[in-house]
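Going by this note's numbering, the residue at position 192 of the sequence shown is 525; the numbering climbs one at a time, nothing skipped. Written below as structure tokens is the structure these notes are about.
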Amino acid sequence: MATATVAPAQVDSGHSDTVHDVQFDYYGRRLATCSSDRTIKVFETAGDQMAEVSQLVGHEGPVWQVTWAHPKFGSLLASCGFDHKVIVWKELQESQWVQAYCAPMHSASVNSVAFAPHELGLMLAAASSDGSISILSFHEGAWTPHKIQDAHTLGATAVSWSPAAPAGSLVSAKGPGQPEKRLASSGADNTVKVWRFDEKTGEWQQEGPALTGHNDWVRDVAWAPNLGLPSNTLASAGQDGLVLIWSEGRDAPGTWTPTLLHDFKAPVWRVSWSVTGGILAVSDSQGNVTLWKESLDGKWQQLAS
């Protein structure tokens with residue numbers, strides 16, 4: 334299949350070292366970046382240009398990842414880094430940010446951080462090289478920490494929340510009761526794991542066996558938005574060069590079947606879904622970013638690079 338080439342827009346980040354992550358906010362009006370220079374920068378769009386409006390300083394080592402909260406919670410950012418920290422940043426007034434919370438929960442690098450769907454409330458999950466996953470929830474003006482010990486014995490590399498809307502839904506989850514709290518994690522033990530919060534015990538439990546299909550570290554995992562998709566879908570990216578697509582059985586919850594998207598012949602660092610879950614972006618260690626879409630016959634085809 335012929336591929337298209339997408340012309341990238343360039344932003345001068347102003348960072349003095351490697352940039353590890355960039356994330357747009359909910360409206361696509363602001364961009365957050367983080368770097369090995371220990372800082373986070375916030376940019377605002379001005380036509381087709383980006384202007385730096387804030388620099389956040391608080392980490393004592395490289396900052397690996399940033400994530401925006403849903404705007405219903407105000408202007409909030411979370412970051413994680415090599416210094417074992419998860420920091421929640423709050424914008425008090427335009428371009429003036431403070432540390433709203435600093436989570437002293439890990440004994441090694443924190444590699445990934447993600448806010449939960451807003452339907453679950455203000456919640457945050459983080460994955461650490463100490464093997465654990467931490468979950469922070471905000472209630473009545475305070476952050477409450479929880480920890481999944483030994484989630485991945487050789488270190489956890491990434492975490493991704495399940496969508497609040499059920500598979501096959503075309504609208505956000507509404508109605509009586511709360512949507513289920515589920516998340517996926519990846520690790521240096523070559524596996525992906527799915528976790529579910531047990532409302533009765535108040536504990537996070539592993540859901541079924543670990544998902545095995547990679548033969549080296551799983552660098553990233555991403556749960557697809559499932560608006561219109563018939564089943565829950567995960568993508569995992571491996572040091573082994575493989576990207577796997579995992580589909581949960583509609584009649585067998587907790588049972589996941591892998592499909593090989595592509596062998597990139599080089600470590601794959603990140604995977605990211607489009608808003609509707611129909612297109613997957615893949616970035617590898619060779620500096621390539623490719624876009625993939627599933628065809629009607631179930632095969633994945635490259636759209637662009």
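All C-beta atoms in this analysis are idealised placements derived from N, C-alpha and C, irrespective of residue type, glycine included. The model shown is predicted, which means the values in this text are computed figures rather than measured ones.
* My understanding is that P478 touches P558, with C-beta atoms under 8 Å, so please give their C-beta distance in whole angstroms. => Your numbering for residue 478 matches position 145 in the sequence shown. Your numbering for residue 558 matches position 225 in the sequence shown. Incorrect: roughly 27 Å between the Cβ atoms, too far for contact.
* Reference S519; option with closest CA among S461, F406 and A489 -> Along the sequence shown, one-based indexing puts residue 519 at 186. Per the Cα distances, A489.
* To do: Take L455 and list the residues in its own chain whose beta-carbon comes closer than 6 Å to its own, dropping the five residues that flank it on each side.
  => Residue numbering aside, residue 455 sits at position 122 when the sequence shown is read from its first letter. If we look at L455 and ignore the five residues flanking it on each side, its Cβ neighbours are F406 and F471.
* Sub-9 Å separation of A436 and L469 beta-carbons -> Residue numbering aside, residue 436 sits at position 103 when the sequence shown is read from its first letter. Residue numbering aside, residue 469 sits at position 136 when the sequence shown is read from its first letter. Note that the C-beta distance between A436 and L469 is below 9 Å.
* Asked: Assuming W397 contacts Y434 under a Cβ cut-off of 8 Å, what Cβ separation, rounded to an integer in Å, is found between them?
  -> Counting from 1 along the sequence shown, the entry for residue 397 is found at position 64. Counting from 1 along the sequence shown, the entry for residue 434 is found at position 101. With 8 Å as the limit, W397 and Y434 do not qualify as a contact, their Cβ atoms being about 18 Å apart.
* **Residues near A449 in its chain [Cβ-Cβ closer than 6 Å; skip 5 each side]** => Mapped onto the sequence shown, residue 449 falls at position 116. The answer, listed in chain order, is M456 and W494.
* Leaving aside the five residues before and after S440 along the sequence, list all residues of the same chain whose C-beta is less than 6 Å from its C-beta, in chain order. => Reading the sequence shown from its first residue, position 107 is the one you call residue 440. Excluding sequence neighbours, S440 sits near D463.
* Asked: How would you call N548, buried or exposed, if buried means at least 16 neighbouring beta carbons within 10 angstroms?
  -> For the purposes of this step, residue 548 is identified with residue 215 of the sequence shown, where counting begins at 1. When all chains shown are included, N548 counts as exposed.
* **Supposed close pair L560, G610 - CB separation, criterion 8 Å** => By 1-based counting over the sequence shown, the position of residue 560 is 227. By 1-based counting over the sequence shown, the position of residue 610 is 277. With a Cβ gap of about 7 Å, L560 and G610 count as contacting.
* To do: Within its chain, find whatever has a CB closer than 6 Å to the CB of P591; leave out the 5 residues flanking it on each side and keep chain order.
  => Along the sequence shown, read from residue 1 onward, the residue named residue 591 stands at position 258. In its chain, beyond the 5 residues on either side, G546, L577 and W579 have a beta carbon closer than 6 Å to the beta carbon of P591.
* Please determine, among W602, S564, P600 and A568, the residue with the shortest C-alpha to C-alpha distance to D584. => Here residue 584 corresponds to residue number 251 of the sequence shown, with the count starting at 1. Looking at W602, S564, P600 and A568, the one whose alpha-carbon comes closest to that of D584 is S564.
* Given Q482, which residues of its chain have a CB within under 7 Å of its CB, disregarding the five upstream and five downstream residues? -> Here the question's residue 482 lines up with position 149 in the sequence shown. Answer for Q482: S465, listed in chain order.
* To do: Mind checking which residues open and close the beta strand (DSSP E) that includes K423?
  => Along the sequence shown, read from residue 1 onward, the residue named residue 423 stands at position 90. Element bounds for K423: V419 to Q426.
* Asked: Which of the three DSSP states, helix, strand or coil, is assigned to F415?
  -> Here residue 415 is taken as the residue at index 82 of the sequence shown, counted from 1. Residue state, collapsed to three classes: coil.
* Please report the Cβ distance between S369 and P395, rounded to the nearest whole angstrom; I am assuming they are in contact, meaning their Cβ atoms lie under 8 Å. => Within the sequence shown, residue 369 is the residue found at index 36, counting from 1. Within the sequence shown, residue 395 is the residue found at index 62, counting from 1. A Cβ-Cβ separation of about 4 Å places S369 in contact with P395 under the 8 Å criterion.
* In chain order, what residues of the same chain lie with their CB nearer than 6 Å to the CB of W550, ignoring the 5 residues before and after it? -> As a position in the sequence shown, residue 550 is number 217, starting the count at 1. So the qualifying residues of the chain are A521 and Q572.
* To do: Using 10 angstroms around the beta-carbon of N621, count the other beta-carbons present and answer buried if the total reaches 16, otherwise exposed.
  => One-based indexing of the sequence shown puts residue 621 at position 288. Exposed is the label assigned to N621, since fewer than 16 other Cβ atoms lie within 10 Å of its Cβ.
* When you compare each of A599, K632, G631 and S628 to S616 by their alpha carbons, which one comes out closest? -> Here residue 616 is taken as the residue at index 283 of the sequence shown, counted from 1. Of A599, K632, G631 and S628, the residue nearest in Cα terms is A599.
* Look at the alpha carbon of V355 and the alpha carbon of V604, and state the distance between them as a whole number of angstroms. => For the purposes of this step, residue 355 is taken as residue 22 along the sequence shown, with counting starting at 1. For the purposes of this step, residue 604 is taken as residue 271 along the sequence shown, with counting starting at 1. Rounded to the nearest angstrom, the two C-alpha atoms are 13 Å apart.
* Report the three-state DSSP secondary structure of F448 (helix, strand or coil). => Within the sequence shown, the letter at position 115 stands for residue 448. Strand.
* Beta bridge counterpart(s) of V576 as assigned by DSSP -> Your numbering for residue 576 matches position 243 in the sequence shown. Beta-bridge analysis with DSSP links V576 to A570 and H595.
* **Residue from E385, G380 and I373 with nearest C-alpha to W401** => Position 68 of the sequence shown, counting from 1, holds the residue named residue 401. Comparing Cα-Cα distances from W401 to each of E385, G380 and I373, the minimum goes to I373.
* Asked: To which residues of the same chain is F357 closer than 6 Å at the C-beta, ignoring the five residues directly before and after it?
  -> Sequence index remark: in the sequence shown, residue 357 carries index 24 (1-based). Same-chain partners within the cutoff: L364.
* Asked: Looking at the structure shown, is L641 part of a helix, part of a strand, or coil, going by DSSP?
  -> Since the first and last residues shown for the chain are 334 and 638, residue 641 lies out of range.
* Asked: DSSP three-state call for P586: helix, strand or coil?
  -> What you label residue 586 is simply residue 253 of the sequence shown in a count that begins at 1. In this structure, P586 counts as coil in the three-state DSSP scheme.
* The beta strand (DSSP E) enclosing Q432, as first and last residue numbers -> Within the sequence shown, the letter at position 99 stands for residue 432. Q429 to A436 is the span of the beta strand (DSSP E), which, as asked, contains Q432.
* Throw me the rounded Cβ distance for the W633 and S618 pair, which I believe falls under 8 Å. => On the sequence shown, residue 633 is found 300 positions in, with the first residue counted as 1. On the sequence shown, residue 618 is found 285 positions in, with the first residue counted as 1. Under the criterion of beta carbons closer than 8 Å, W633 and S618 do not qualify as touching, at roughly 20 Å.
* So D282 is in the beta strand (DSSP E); what residue range does that whole segment cover? -> The displayed coordinates of the chain run from 334 to 638. Any statement about residue 282 would go beyond what the structure contains.
* To do: Would you kindly work out how many angstroms separate the C-alpha atoms of V399 and K533, rounded to a whole number?
  => For this step, residue 399 is matched to residue 66 along the sequence shown. For this step, residue 533 is matched to residue 200 along the sequence shown. Computed Cα separation, rounded: 32 Å.
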